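> Here the protein sequences line up with chains R and H, keeping their order. According to the UniProt record's numbering, the stretch in the first sequence is residues 1 to 205, in order. According to the UniProt record's numbering, the stretch in the second sequence is residues 1 to 205, in order. Glycine included, C-beta positions come from ideal geometry on N, C-alpha and C. Here the structure is a predicted model, which means the values were calculated and not measured.
There are 2 protein chains.
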Amino acid sequence: MRTHTEQRPAKLTRKGEQTRLRIVSAAAKLMFDNGVAGTTMEDVKSAAQASSSQLYHYFADKQALILAVIEYQNETVVGGQEPMLARLDSIEGLRTWCAFLVQHQRDLECRGGCPIGSLGGELAETDAKARVAVSGAFLRWESGIRGGLRAMHERGQLTADPEDLALTILAALQGGLLLTQIHRDVRPLEITLNAMIDHVAAQTR
Amino acid sequence: MRTHTEQRPAKLTRKGEQTRLRIVSAAAKLMFDNGVAGTTMEDVKSAAQASSSQLYHYFADKQALILAVIEYQNETVVGGQEPMLARLDSIEGLRTWCAFLVQHQRDLECRGGCPIGSLGGELAETDAKARVAVSGAFLRWESGIRGGLRAMHERGQLTADPEDLALTILAALQGGLLLTQIHRDVRPLEITLNAMIDHVAAQTR
């Protein structure tokens, strides 16, 4: 039996990196569409067009793959938003980011919810390592939101506490995404984010 | 093979009702602790101390049981909060409700998240009937929140739109619960709900 390992091999060739990424991104898509429980290693192998020996070379077991998917979604979702988050130091920047989030859900026809929040909700009670990895992704996201708010606060434009406000905005975003996913309607996300913008705007001068 | 049915038998004896409820509440607890995928019919049978013939008499298959669990959590969580929701026509009532929600998470050591939101997040993409049932529970919850806000609005105390505000509060609550579950810390829920109270208070006169 293979022993469990979370660490990727110390050095991967460029081709090795590409194969690993092909597997992780296929797994991420399957888990986003069908949940973690609804995704088997066999499904991933087939979607990534990988052999069993390739799959198990990079990921000793499903748990190792799950952790890699969380890391991948952290990079894709949070990392992908960082250029926009860097401009959250104005109401205008906040509006642009929120409009992007709403449009993205519209493009997805409100399917899937937050790729990170969904993994967290499904795994939190049964996989402590996954919960901690999702917690890390949320903290990075919160930190990205906080940066711009803190800049507004330091310039004296924002009177509210940027720490609390960043956490509130991320929570509102997560809840809005969940309600939008469940109702298959973009309105919950849109209304909630607009309320957040108003809430910030009411505390600026 | 049994055919799938969602409907409970037309008439249950009192004893039958009790057995059915014992099965559903055991399933609800297991699904809250371990997720839907982590709960087998065998687990439910054992936790409810029911025989196979009892279990399959009331629930033709796991999907029928899942729908009964969503209905049960709708009654327990939303129905259980309705007396408090009926007093959301004041900032004081809002504070009492929010304090209850935070204390409840503290009692649970931040485990499990929202019993309804968690089911929704896990099932939304793979079980359309479950998604619709969760949607119904969220609409009932939103309606409960809206009632008090609408009363404040009609009395001229609340200047904001009670429809949008109720949806925003439920989204903030759901997101706060998710972050609290993932970080195992009551702070996200507490901060988010306090921000919501401030947001409502700022729009009252």
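Straight-line CA distance for R111 of chain H to I169 of chain R?
Residue mapping note: residue 111 of chain H aligns to position 111 of the second sequence, counting from 1. Residue mapping note: residue 169 of chain R aligns to position 169 of the first sequence, counting from 1. Going from the Cα of R111 of chain H to the Cα of I169 of chain R covers about 22 Å.
> Can you give me the C-alpha to C-alpha distance between T39 of chain R and K129 of chain H, rounded to a whole angstrom?
If you number the first sequence from 1, residue 39 of chain R lands on position 39. If you number the second sequence from 1, residue 129 of chain H lands on position 129. So the alpha carbons of these two residues sit roughly 20 Å apart.
> Would you say A195 of chain H faces chain R, with C-beta separation under 8 Å as the test?
The count along the second sequence starts at 1 and reaches residue 195 of chain H at position 195. With 8 Å as the cut-off, A195 of chain H counts as an interface residue toward chain R.
> DSSP state of R184 of chain R, grouped into three classes?
Locating residue 184 of chain R in the first sequence gives position 184, counting from the first residue. Note: R184 of chain R maps to coil in three-state DSSP.
> Which chain H residues are close to D33 of chain R, counting only those with a beta carbon under 7 Å from its beta carbon?
Taking the first residue of the first sequence as position 1, residue 33 of chain R is located at position 33. What D33 of chain R touches in chain H: E125.
> Using a Cβ-Cβ cutoff of less than 6 Å, which residues in the same chain neighbour V77 of chain R once the five nearest sequence positions on both sides are dropped?
By one-based count along the first sequence, residue 77 of chain R stands at place 77. Contacts found: P115, I116.
> Which residues in chain R have a C-beta closer than 8 Å to the C-beta of S90 of chain H? List them in chain order.
Start at 1 with the first residue of the second sequence, and residue 90 of chain H comes out as number 90. Ordered by position in chain R, no residue passes the 8 Å Cβ test against S90 of chain H, which lies about 20 Å from the chain.
> Kindly indicate if chain H contains any beta-carbon less than 8 Å away from that of R131 of chain R.
Position 131 of the first sequence holds residue 131 of chain R. Yes, contact with chain H.
> Within the continuous alpha helix (DSSP H) that includes L88 of chain R, where are the two ends?
As a working note, residue 88 of chain R is residue 88 in the first sequence. That residue, L88 of chain R, is in no alpha helix (DSSP H); it is neither H nor E in DSSP.
> Does the beta-carbon of M1 of chain H have 16 or more other beta-carbons within 10 angstroms, so that it is buried, or is it exposed?
As a working note, residue 1 of chain H is residue 1 in the second sequence. Legend: pLDDT at M1 of chain H = 42, less than 50; position of this residue unreliable, value from coordinates given subsequently. Classification for M1 of chain H: exposed.
> Measure the C-alpha to C-alpha separation of E125 of chain R and R205 of chain R and round it to an integer number of angstroms.
In the first sequence, residue 125 of chain R corresponds to position 125, counting from 1. In the first sequence, residue 205 of chain R corresponds to position 205, counting from 1. Spanning the two alpha carbons is a distance of roughly 43 Å.
> What number of angstroms, rounded off, separates the C-alpha of L30 of chain R from the C-alpha of A133 of chain R?
Position 30 of the first sequence, counted from the first residue, corresponds to residue 30 of chain R. Position 133 of the first sequence, counted from the first residue, corresponds to residue 133 of chain R. Taking the straight line from one Cα to the other gives about 19 Å.
> Just tell me which of H:L189, H:A166, H:V200, H:R22 has its CA closest to the CA of P188 of chain R.
If you number the first sequence from 1, residue 188 of chain R lands on position 188. Out of H:L189, H:A166, H:V200, H:R22, H:A166 has the C-alpha closest to the C-alpha of P188 of chain R.
> In whole angstroms, what separates the C-alpha of D61 of chain H from that of D161 of chain R?
What you label residue 61 of chain H is simply residue 61 of the second sequence in a count that begins at 1. What you label residue 161 of chain R is simply residue 161 of the first sequence in a count that begins at 1. If I take the Cα positions, the gap works out to 51 Å.
> At what residue ranges does the region 90–174 of chain R contain a whole run of the beta strand (DSSP E), taking only runs of 3 or more?
none
> Is D164 of chain H close to chain R? Criterion is C-beta to C-beta, closer than 8 Å.
Stepping through the second sequence from its first residue, residue 164 of chain H is reached at position 164. Interface residue, yes.
> S52 of chain H lies in the alpha helix (DSSP H); which residues open and close that run?
By one-based count along the second sequence, residue 52 of chain H stands at place 52. In the DSSP assignment, S52 of chain H falls within the unbroken alpha helix (DSSP H) covering 52–58.
> Taking the alpha helix (DSSP H) that K15 of chain R belongs to, which residues open and close that run?
Here residue 15 of chain R is taken as the residue at index 15 of the first sequence, counted from 1. First-last of the alpha helix (DSSP H) with K15 of chain R: 14–34.
> Look at the alpha carbon of G93 of chain H and the alpha carbon of F32 of chain H, and state the distance between them as a whole number of angstroms.
Mapped onto the second sequence, residue 93 of chain H falls at position 93. Mapped onto the second sequence, residue 32 of chain H falls at position 32. Approximately 28 Å between the Cα atoms of the pair.
> Can you tell me whether DSSP reads T204 of chain R as helix, strand or coil?
Translated into positions along the first sequence, residue 204 of chain R becomes position 204. Residue state, collapsed to three classes: strand.
> For the alpha helix (DSSP H) containing A37 of chain H, name the first residue and the last one.
Sequence index remark: in the second sequence, residue 37 of chain H carries index 37 (1-based). Note, A37 of chain H: premise wrong, no alpha helix (DSSP H); not H, not E.
> In chain H, what lies closer than 7 Å to Q181 of chain R by C-beta?
As a working mapping, residue 181 of chain R is identified with position 181 in the first sequence. Residues of chain H passing the Cβ test: A124.
> So, is S46 of chain H buried or exposed, given that buried needs 16 or more other C-beta atoms within 10 angstroms?
By one-based count along the second sequence, residue 46 of chain H stands at place 46. S46 of chain H comes out exposed.
> What did DSSP end up calling D43 of chain H once you bin it into helix, strand or coil?
Here residue 43 of chain H refers to the residue found at position 43 of the second sequence. Looking at D43 of chain H - three-state DSSP - the assignment turns out to be helix.
> Among residues of its own chain, excluding the 5 on either side of K59 of chain H, which ones have a beta-carbon nearer than 6 Å to its beta-carbon?
Numbered from 1 along the second sequence, position 59 holds the residue referred to as residue 59 of chain H. Per the sequence shown, residue 59 of chain H should be read as Phe rather than Lys. The answer, listed in chain order, is L65.
> Nearest to H57 of chain R by alpha carbon, out of R:Q181, R:L88, R:L12?
Counting from one through the first sequence, the residue named residue 57 of chain R turns up at place 57. Here the closest residue by C-alpha is R:L12.
> I need the straight-line Cα distance from R14 of chain H to L21 of chain H, nearest angstrom please.
Residue numbering aside, residue 14 of chain H sits at position 14 when the second sequence is read from its first letter. Residue numbering aside, residue 21 of chain H sits at position 21 when the second sequence is read from its first letter. Straight through space, the alpha carbons of L21 of chain H and R14 of chain H are spaced by roughly 11 Å.
> Using a Cβ-Cβ cutoff of 8 Å, what residues of the region 99–115 of chain H are near chain R? List them in chain order.
Within the region 99–115 of chain H, the qualifying residues are R111, G112, G113.
> By alpha-carbon positions, which one of H:I191, H:A26, H:L101, H:V186 ends up nearest to A172 of chain R?
Residue numbering aside, residue 172 of chain R sits at position 172 when the first sequence is read from its first letter. Closest by alpha carbon: H:I191.
> What is the rounded straight-line gap between the Cα of N34 of chain H and the Cα of T180 of chain H?
As a working mapping, residue 34 of chain H is identified with position 34 in the second sequence. As a working mapping, residue 180 of chain H is identified with position 180 in the second sequence. Distance between the alpha carbons of N34 of chain H and T180 of chain H: 17 Å.
> Among the residues of its own chain, which have a CB less than 6 Å from the CB of A50 of chain R, if the five just before and after it don't count?
As a first step, residue 50 of chain R must be located in the first sequence, where it is residue number 50. Taken in chain order, the residues that qualify are I23.
> Can you give me the Cβ contacts of E122 of chain R inside the same chain, cut-off strictly under 8 Å, excluding the 5 residues immediately before and after it?
Position 122 of the first sequence, counted from the first residue, corresponds to residue 122 of chain R. So the list reads G35, V36, A37, once near-sequence residues are dropped.
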